[in-house]
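Colleague: Structure in structure tokens, see below.
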Amino acid sequence: MRPRPPVNGRGIVSGTGLIVTALAATVVALLVPLWSYAGRQDPASANVLSARTVTTPYGPLSEQDRGFVTKVRLAGLWELPAGELALRKGTTPAVRTAGQHLVDGHTSLDAHVRTVATQLGVALPNEPNEQQSQWLATLDTAEGQDFDREFAGLLRLAHGRVFSLVAQVRAGTQNSLVRDLADDANATVLDHIRILEATGYVDFGTLSRDLAASASPVPTPPQVDPSAAVPVTPPPGDTNTLPPAAAGTSPATSSP
């Protein structure tokens, strides 16, 4: 029998160390990419979030906030001229009173929204949108009691649609300027809803169907018999006091 060679203890330890080192290097190679990307936001997602919400001195400004500011401006661009038409063409004191409320309310609200838009850096439109322009064209061509019916029906429908939006924005916005604007808009819209209903020309059945249906370019006006339209007087003390125009801003009905 040939004698076995002596065991080299240092060689065994050295070989084991190489194996351990190789395994450790493999683990590091696998984990480094994970550590590098852990907590890192996808650039595309970051861009989307940045586009939707921006930081301002008055709190975060969301995409919904900016849309609301724009819609307040758009409302004034057609509802104020509609109020002026009612002052000229309305056949009853109740319709003309409603027209005056629209003029007063949107003169004040327009001054407020332009101030807010300037502070938040939100670009505002200077012309009503296509649907609003069609509504104004409808009112411009209507005469007599047909005008009264179209005016009350279209304006009450528009205010009903925006009323829920104001509540949604007011409940969720984190921006103090947008909250103040929503408070102002809420008081103005509620006042206009009440004064339009007081004309006696609002058909609540038709209104309910139109509010439930998808928006159409020119919704079906309520078919109220002119002889059956009975103006009503709002209960005493039930009228909202409209807030004054924002300080340092002169009311305007055209472009800012």
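Sequential numbering of the sequence shown, starting at 1, is according to full-length UniProt numbering. No residue lacks a Cβ here, since even glycine has one placed at the ideal position from N, Cα and C.
Using the three-state DSSP reduction, which class does V169 fall into: helix, strand or coil?
Modeller: Looking at V169 - three-state DSSP - the assignment turns out to be helix.
Colleague: Buried or exposed: Q119, going by 16 or more other Cβ atoms within 10 Å of its Cβ?
Modeller: Exposed.
Colleague: What are the boundary residues of the alpha helix (DSSP H) that includes A198?
Modeller: Careful: A198 lies outside any alpha helix (DSSP H) and carries neither H nor E.
Colleague: Using 10 angstroms around the beta-carbon of W35, count the other beta-carbons present and answer buried if the total reaches 16, otherwise exposed.
Modeller: With a pLDDT of 40 at W35, under the threshold of 50, the modelled position of this residue cannot be trusted; read the value that follows with caution. Looking at its Cβ environment, which holds fewer than 16 other Cβ atoms inside 10 Å, W35 is exposed.
Colleague: Exposed or buried, which one is L184 when buried takes at least 16 other CB atoms within 10 Å?
Modeller: One detail in the question is off: residue 184 reads as Asp in this sequence, not Leu. D184 is buried by the Cβ-count criterion.
Colleague: Are there any heavy atoms of the ligand FAD lying less than 7 Å away from the beta-carbon of L136, as far as the coordinates show?
Modeller: Among the ligands in the structure shown, none appear at all, so the ligand FAD cannot be discussed.
Colleague: Got a sec, what are the start and stop residues for the alpha helix (DSSP H) D104 sits in?
Modeller: Counting along the chain, the alpha helix (DSSP H) containing D104 begins and ends at P93 to L120.
Colleague: Using a Cβ-Cβ cutoff of less than 7 Å, which residues in the same chain neighbour Q64 once the five nearest sequence positions on both sides are dropped?
Modeller: So the list reads V169, once near-sequence residues are dropped.
Colleague: Using only the alpha-carbon positions, how far apart do A198 and T92 sit?
Modeller: Cα-Cα distance, rounded: 11 Å.
Colleague: Using a Cβ-Cβ cutoff of less than 6 Å, which residues in the same chain neighbour I193 once the five nearest sequence positions on both sides are dropped?
Modeller: So the qualifying residues of the chain are H159.
Colleague: Return yes when the Cβ of L155 is within less than 8 Å of the Cβ of L196, no when it is not.
Modeller: Their beta carbons are under 8 Å apart, which means L196 touches L155 by this criterion.
Colleague: What residue does the alpha helix (DSSP H) around P81 start on, and which one ends it?
Modeller: That run of the alpha helix (DSSP H) goes E63 to K89.
Colleague: What whole-angstrom Cβ distance do L74 and P128 have, given they're in contact under 8 Å?
Modeller: Their Cβ separation, rounded to whole angstroms, is 6 Å, which keeps L74 and P128 in contact under 8 Å.
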